[in-house]
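Peer 1: Residue numbers (the numbering used here): 63 to 385.
Note that the Cβ used here is the ideal one computed from N, Cα and C, for glycine as well.
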């Protein structure tokens with residue numbers, strides 16, 4: 063029998079692209095997209111869509127029962143930079159939504175859960191280079207705190223109640239299809255947009271701030287792969303370290319200049335600099351590569367080529383439509 067999938071937070075940056083990929087793999091009728099509003103019309107119009115409040119247990123349960131859902135991807139969350147402005151809202155959204163989904167799995171309404179964690183679980187005392195799977199975690203942001211606590215609950219529900227929950231610690235994600243949603247690594251998306259529209263970008267992080275990053279295609283592949291792996295292959299039920307490449311804003315700018323020589327960049331670090339400084343520079347994801355054979359494909363030059371190519375098309379089409 064085919065899985066019946068519900069994506070909560072399907073209108074977000076990762077959720078939207080994950081929705082399209084899962085519908086491509088499993089069929090449009092098998093993948094139900096949901097969010098709190100109709101904020102992404104591409105998602106709303108591309109298949110079955112439901113308004114679901116991730117903070118309301120009954121709202122999620124009604125949708126699960128209506129469609130006979132057996133697998134949930136919980137992609138709804140308030141990210142790091144936005145979370146610092148609204149700490150209690152971030153805590154409530156990120157924690158309540160997870161509990162609702164874990165409790166549905168515990169009660170056997172669903173069989174499998176994907177929940178994204180983040181490199182934000184690490185803090186200033188974590189080893190910066192090649193950060194190991196098991197290490198000191200003292201997150202300094204509300205977002206990081208919710209992700210660390212969430213990891214512990216995922217592991218608890220698996221050990222105590224047998225819940226099949228799987229998770230990845232996403233690094234910064236780069237995509238040309240959707241705009242960033244309030245994260246500290248958003249500069250690595252904004253810079254490509256500004257390179258094309260303005261030829262200039264004022265970066266909110268310093269030029270030497272090195273962070274782990276990943277192209278969206280790789281992030282989606284990792285998400286699909288971990289969920290498709292056999293139950294026995296998943297040895298870690300808190301969350302797996304996940305890595306591709308690490309780079310600085312300066313390195314991104316230099317990569318862009320190989321295609322757009324006149325591109326200019328300045329640096330005006332803001333409150334997000336402190337967040338970035340608390341995170342690792344690079345990640346050791348050996349367990350993911352060993353347990354379920356994770357492998358990334360995109361390097362920085364690959365990302366730059368694809369971002370500039372696709373954004374050029376996007377802005378050219380918008381310009382033609384406007385004229």
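So, for residue 249: in the same chain, excluding its five sequence neighbours on each side, which residues have a beta-carbon less than 7 Å away from its beta-carbon?
Peer 2: Around residue 249: 265, 266, 267, 311.
Peer 1: What are the boundary residues of the alpha helix (DSSP H) that residue 122 is part of?
Peer 2: Its alpha helix (DSSP H) spans residues 119-129.
Peer 1: Which term fits residue 259, buried or exposed, when burial requires 16 or more other beta carbons within 10 angstroms of its beta carbon?
Peer 2: The residue is exposed, with fewer than 16 neighbouring Cβ atoms inside 10 Å.
Peer 1: How far does the beta strand (DSSP E) with residue 175 in it reach, from first residue to last?
Peer 2: Counting along the chain, the beta strand (DSSP E) containing residue 175 begins and ends at 174-176.
Peer 1: In terms of DSSP beta bridges, what is residue 226 paired with?
Peer 2: BP columns for residue 226 point to 174.
Peer 1: Quick check on the DSSP output: what are the complete beta strand (DSSP E) runs of length 3 or more inside the stretch 227-285, in order along the chain?
Peer 2: You should have 230-232, 234-236, 262-265, 273-277.
Peer 1: Using the rule of at least 16 other Cβ atoms within 10 Å of the residue's Cβ for burial, across every protein chain shown, is residue 103 buried or exposed?
Peer 2: With fewer than 16 Cβ atoms within 10 Å of its Cβ, residue 103 is classed as exposed.
Peer 1: Name the residue from 216, 192, 82 whose alpha carbon lies nearest to the alpha carbon of residue 225.
Peer 2: Residue 225 has its Cα closest to that of 216, out of 216, 192, 82.
Peer 1: What's the gap between the Cα of residue 286 and the Cα of residue 84?
Peer 2: Cα to Cα, the separation comes out at about 8 Å.
Peer 1: Please classify residue 179: does DSSP put it in a helix, a strand, or coil?
Peer 2: DSSP places residue 179 in strand when its eight states are reduced to three.
Peer 1: Assuming the contact rule is C-beta atoms closer than 8 Å, residue 206 and residue 160 should be a hit. Round their C-beta distance to whole Å, please.
Peer 2: With 8 Å as the limit, residue 206 and residue 160 do not qualify as a contact, their Cβ atoms being about 15 Å apart.
Peer 1: Distance, Cα to Cα, residue 319 vs residue 119?
Peer 2: Each residue's alpha carbon lies about 49 Å from the other.
Peer 1: Rounding to the nearest angstrom, what Cα-Cα distance links residue 76 and residue 284 in this structure?
Peer 2: Distance between the alpha carbons of residue 76 and residue 284: 12 Å.
Peer 1: Taking the straight line between their C-alpha atoms, what separation do you get for residue 52 and residue 169?
Peer 2: Because the chain here runs from 63 to 385, residue 52 falls outside it and cannot be looked at.
Peer 1: Got a sec? Which residues, its chain only, sit under 7 Å from residue 109 by beta carbon, not counting five neighbours each side?
Peer 2: 85, 90, 93, 95, listed in sequence order.
Peer 1: Does DSSP put residue 196 in a helix, a strand or coil?
Peer 2: DSSP places residue 196 in coil when its eight states are reduced to three.
Peer 1: Which first and last residues belong to the alpha helix (DSSP H) in which residue 168 is found?
Peer 2: Run containing residue 168: 149-168, per the alpha helix (DSSP H) assignment.
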